[in-house]
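Shown next, in structure tokens, is the structure this report addresses.
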Amino acid sequence: MQKLTSYILKDLFVSFLIITVSLLCLVWLIQSMRFIEQILNEGIPVSIFFELSALVIPTILSLILPFTYFVSILYVYNRLSSESELVVMHASGVSYANAAKPALYFSIILMLFSYLLTLYIVPASYRNFKNLQDLIRNEYSSALLQEGVFNNVAKGITIYVESRLSASQLRGILAHDQRDPTKAPSTFLAETGTVNQTEKGPRLMMTRGSRQQLSKSGNLALLEFDHYTLDIMAIDKVSNYRWLEPRERFLHELFSPNMEEYDNIKNLQVFRAEGHQRITQPIYVLTFGVIALTLLLTGNFSRLGQTRKIILAVLAILLIQATSLTIKNYAAKYSWAEFLIYLNAIIPLLIFAYYLIGEHRLKKTQRKKI
881 MQKLTSYILK
891 DLFVSFLIIT
901 VSLLCLVWLI
911 QSMRFIEQIL
921 NEGIPVSIFF
931 ELSALVIPTI
941 LSLILPFTYF
951 VSILYVYNRL
961 SSESELVVMH
971 ASGVSYANAA
981 KPALYFSIIL
991 MLFSYLLTLY
1001 IVPASYRNFK
1011 NLQDLIRNEY
1021 SSALLQEGVF
1031 NNVAKGITIY
1041 VESRLSASQL
1051 RGILAHDQRD
1061 PTKAPSTFLA
1071 ETGTVNQTEK
1081 GPRLMMTRGS
1091 RQQLSKSGNL
1101 ALLEFDHYTL
1111 DIMAIDKVSN
1121 YRWLEPRERF
1131 LHELFSPNME
1141 EYDNIKNLQV
1151 FRAEGHQRIT
1161 QPIYVLTFGV
1171 IALTLLLTGN
1181 FSRLGQTRKI
1191 ILAVLAILLI
1201 QATSLTIKNY
1211 AAKYSWAEFL
1221 IYLNAIIPLL
1231 IFAYYLIGEH
1241 RLKKTQRKKI
């Protein structure tokens, strides 16, 4: 039995490693594409690109882990079935439940690793990612101005750039500034301009343009200029304050946030939903694994393959995942939906585990009668 466990564990580990690394690289490459343009055309150092790209890896890994392990189990046990190895094991006295034990052991190890990811590594890496984005926004402000779109560079200020003449030289500028509620909003039009980093923050230096300001009385004030400097730093950046998003927070920060901050009070239920989801997310590694094992190892064996069982397993986890997303959205608004987050992860696990164990006991009883 020990040799059998080692044999299946080895197959599972190799398959899981190949599938996980392949999917991780694919998703990482897609995520990194949005940084490549800034590296090639807009002057951000390559080292920052690699740092940004590396910081998203833990988040991607935590999301794909249950699915890649699910696929690994389907691949390994379907191969064992198609090559009649499961039949030989069963004929030699190894029950299907015992054949599932190596996968269950591996599931528990991956679940514990997933807890390390979701409870510590992911929030820490995502917080560093947002801090680095904030640094880029201040020190490489021109890199954040994309051509042909309205760029919200800070709260209350939007900038449109028609095209770039170089990495720092801009052409066809439209800027709308409504940061100060005590003043009328201002709209700037300029032929060219540059974004420069100063000791007091980023500045948009515009040439040959105009400023339009509509007063509360409805009068339009028009100012034409040859050179104009616009501060494009958010007002709340003066105090270096940055509100932490739910994904950046550790578990204790989600369930016990600083109640002196208005944004925390406003998002209290969102925090709780994120916290409960983070606690249950690693359980899906075990749940998806048990679903795959139960559907592949129970029921009648067919030499023609187990395509129908595989399809049912895939549909089952897709349904559970869709339900999970729906419940989390409800839990972010209503506290009564919080317990559903746990039920969605645990109930399918218990049902399929009971069926897997029940099948084993039924066949064991039948053998005794014979």
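With our numbering, the residue at position 311 of the sequence shown is 1191, and numbering never jumps.
Even for Gly, the Cβ is constructed at its ideal location relative to N, Cα and C.
| Those runs of the alpha helix (DSSP H) which lie wholly inside the stretch 1172-1245 and span at least 4 residues | Within the stretch 1172-1245, the complete alpha helix (DSSP H) runs of at least 4 residues fall at 1187-1211.
| field | C-alpha gap between L1012 and Q911, whole angstroms | value | Reading the sequence shown from its first residue, position 132 is the one you call residue 1012. Reading the sequence shown from its first residue, position 31 is the one you call residue 911. Whole-angstrom Cα-Cα distance: 16 Å.
| request: Say whether the stretch 1045-1058 touches the stretch 1069-1088, bearing in mind that this needs 3 or more beta-carbon pairs closer than 8 Å, one atom from each stretch. | output: Output reads yes: the stretch 1069-1088 touches the stretch 1045-1058.
| task | Whole angstroms is fine: what's the gap from S1090's alpha carbon to F1151's? | result | As a working mapping, residue 1090 is identified with position 210 in the sequence shown. As a working mapping, residue 1151 is identified with position 271 in the sequence shown. Approximately 45 Å, taken between the alpha carbons.
| request: Report the rounded CA-to-CA distance for A1196 versus I1190, giving the unit in angstroms. | output: As a working note, residue 1196 is residue 316 in the sequence shown. As a working note, residue 1190 is residue 310 in the sequence shown. The alpha-carbon atoms of A1196 and I1190 are separated by roughly 10 Å.
| request: Consult DSSP for T900 and reduce its assignment to one of helix, strand or coil. | output: The residue labelled residue 900 in the question sits at position 20 within the sequence shown. T900: helix per DSSP, three-state reduction.
| request: Using beta-carbon positions only, say whether I1163 and A1193 come within less than 9 Å of one another. | output: Counted from its first residue, the sequence shown places residue 1163 at position 283. Counted from its first residue, the sequence shown places residue 1193 at position 313. Taking 9 Å as the Cβ cut-off, I1163 and A1193 do not qualify as a contacting pair.
| task | From the DSSP output, read off the bridge partner residues of Q1049. | result | The residue you call residue 1049 lines up with position 169 of the sequence shown. Per DSSP, T1074.
| Taking the C-alpha atoms as reference points, what is the distance between V907 and R1044? | Position 27 of the sequence shown, counting from 1, holds the residue named residue 907. Position 164 of the sequence shown, counting from 1, holds the residue named residue 1044. Cα-Cα distance, rounded: 30 Å.
| What did DSSP end up calling Q1026 once you bin it into helix, strand or coil? | If you number the sequence shown from 1, residue 1026 lands on position 146. Per DSSP, reduced to three states, the secondary structure at Q1026 is coil, with no helix or strand assignment.
| query | From E1027 to D1111, what does the alpha carbon distance come to, in whole angstroms? | reply | Working through the sequence shown from its first residue, we reach residue 1027 at position 147. Working through the sequence shown from its first residue, we reach residue 1111 at position 231. Roughly 20 Å separates the two Cα atoms.
| message | Are the CB atoms of A1153 and A1217 within a distance shorter than 9 Å? | response | Your numbering for residue 1217 matches position 337 in the sequence shown. Your numbering for residue 1153 matches position 273 in the sequence shown. Taking 9 Å as the Cβ cut-off, A1217 and A1153 qualify as a contacting pair.
| message | For K1010 and F930, I'd like the C-alpha separation in whole angstroms. | response | Reading the sequence shown from its first residue, position 130 is the one you call residue 1010. Reading the sequence shown from its first residue, position 50 is the one you call residue 930. Computed Cα separation, rounded: 15 Å.
| query | Excluding five sequence neighbours on each side, which residues of the same chain lie with their C-beta closer than 6 Å to the C-beta of I944? | reply | Counted from its first residue, the sequence shown places residue 944 at position 64. L903.
| request: Per DSSP, which residues does P1082 bridge with? Please list them. | output: In the sequence shown, residue 1082 corresponds to position 202, counting from 1. In the DSSP assignment, P1082 forms a beta bridge with Q1077.
| request: Would you please state the rounded distance, in angstroms, between the beta carbons of K981 and T885? I believe it to be under 8 Å. | output: For the purposes of this step, residue 981 is taken as the residue at position 101 of the sequence shown. For the purposes of this step, residue 885 is taken as the residue at position 5 of the sequence shown. The C-beta distance from K981 to T885 rounds to 7 Å, short enough to fall under 8 Å.
| request: Evaluate contact between the stretch 1120-1137 and the stretch 1199-1207, counting only Cβ atoms and requiring at least three cross-stretch pairs below 8 Å. | output: Cβ pair count under 8 Å is below three, so no.
| message | According to DSSP, Q1092 sits in a beta bridge with which residue or residues? | response | Taking the first residue of the sequence shown as position 1, residue 1092 is located at position 212. DSSP lists T1067, L1102 as the bridge partner or partners of Q1092.
| query | If A971 sits next to L1177, beta carbons under 8 Å apart, how far is it from one beta carbon to the other, in whole angstroms? | reply | Residue numbering aside, residue 971 sits at position 91 when the sequence shown is read from its first letter. Residue numbering aside, residue 1177 sits at position 297 when the sequence shown is read from its first letter. Not a contact, Cβ separation roughly 15 Å.
| task | Put T1167 into one of helix, strand or coil per three-state DSSP. | result | Within the sequence shown, numbered from 1, the residue matching residue 1167 stands at position 287. When DSSP states are grouped into helix, strand and coil, T1167 belongs to the helix group.
| field | Integer Cβ distance of S942 from L997, believed to fall under 8 Å | value | Residue 942 sits at position 62 when you count from the first residue of the sequence shown. Residue 997 sits at position 117 when you count from the first residue of the sequence shown. Sure, about 4 Å apart at Cβ, within 8 Å.
| Cβ-based neighbour list, E1128, same chain, cut-off 8 Å, excluding 5 preceding and 5 following | Indexing the sequence shown from 1 puts residue 1128 at position 248. Once the five neighbours on either side are set aside, the close Cβ partners of E1128 are P1003, Y1006, R1007, K1010.
| CA nearest to the CA of Y887, picked from A983, Q1149, F950 | Position 7 of the sequence shown, counted from the start, is the residue given in the question as residue 887. Comparing Cα positions, the closest option is A983.
| Contiguous beta strand (DSSP E) assignments of at least 3 residues, all confined to the stretch 906-961 | Runs found: none.
| task | Assign F1168 to buried or exposed, taking buried as 16 or more other Cβ atoms, counted over all protein chains shown, within 10 Å of its Cβ. | result | The residue labelled residue 1168 in the question sits at position 288 within the sequence shown. Result: buried.
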